[in-house]
Amino acid sequence: MKMSILLMIMVIIISSCVSGTRPPGQVVASENNFENGVKQYEKGHIKQAIHQFEKAIEKNPGNFRAYFYLGLCYKQQRIMKTAHKHFQKAIDLNPNDESWVIKVKAEMETAAVGEGKNK
């Protein structure tokens, strides 16, 4: 429990740094939408997950993890061009984290393979 609280605090701090002048309430709301989106994604409720990730981005446009998950959602729906766009934005917002860039690029590569099946 303590670890979860510490992790949430760290996420909020990092997100607030990325978000620039976003009010703290917006950053917290963005994180709540993000977490709800992850839960929906893990349950296979992709449309609900997309809605939550879009709300997270609306409240905090610097939420690079929400862009990544949006990419995963669209990739799962085989809408590869849109998936690629969101993956690229996830990299653009966090380009200095090498492990992050590698993770996102791996998803981009598999999306590119499925691009012929794009809707």
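Read in order, the letters of the sequence shown correspond to residues 21 to 139 in the numbering used here. We put the beta carbon where it would ideally sit given N, CA and C, even for glycine.
- The residue from 110, 104 and 122 with its alpha-carbon nearest to that of residue 80 is 110.
- Take the alpha-carbon of residue 43 and the one of residue 82: they are about 13 Å apart.
- Between residue 52 and residue 75, the gap from beta carbon to beta carbon reaches 7 Å or more.
- Residue 104 and residue 91 have their C-alpha atoms some 6 Å from each other.
- In this structure, the alpha-carbon of residue 129 lies about 22 Å from that of residue 73.
- Taking the C-beta atoms as reference points, residue 87 is found nearer than 7 Å to residue 106.
- Per DSSP, reduced to three states, the secondary structure at residue 64 is coil, with no helix or strand assignment.
- Residue state for residue 56 is assigned as helix, using DSSP reduced to three classes.
- Note on residue 60: 16 or more other CB atoms within 10 angstroms of its CB, so buried under the neighbour-count rule.
- If you draw a straight line from the Cα of residue 49 to the Cα of residue 133, it comes to about 35 Å.
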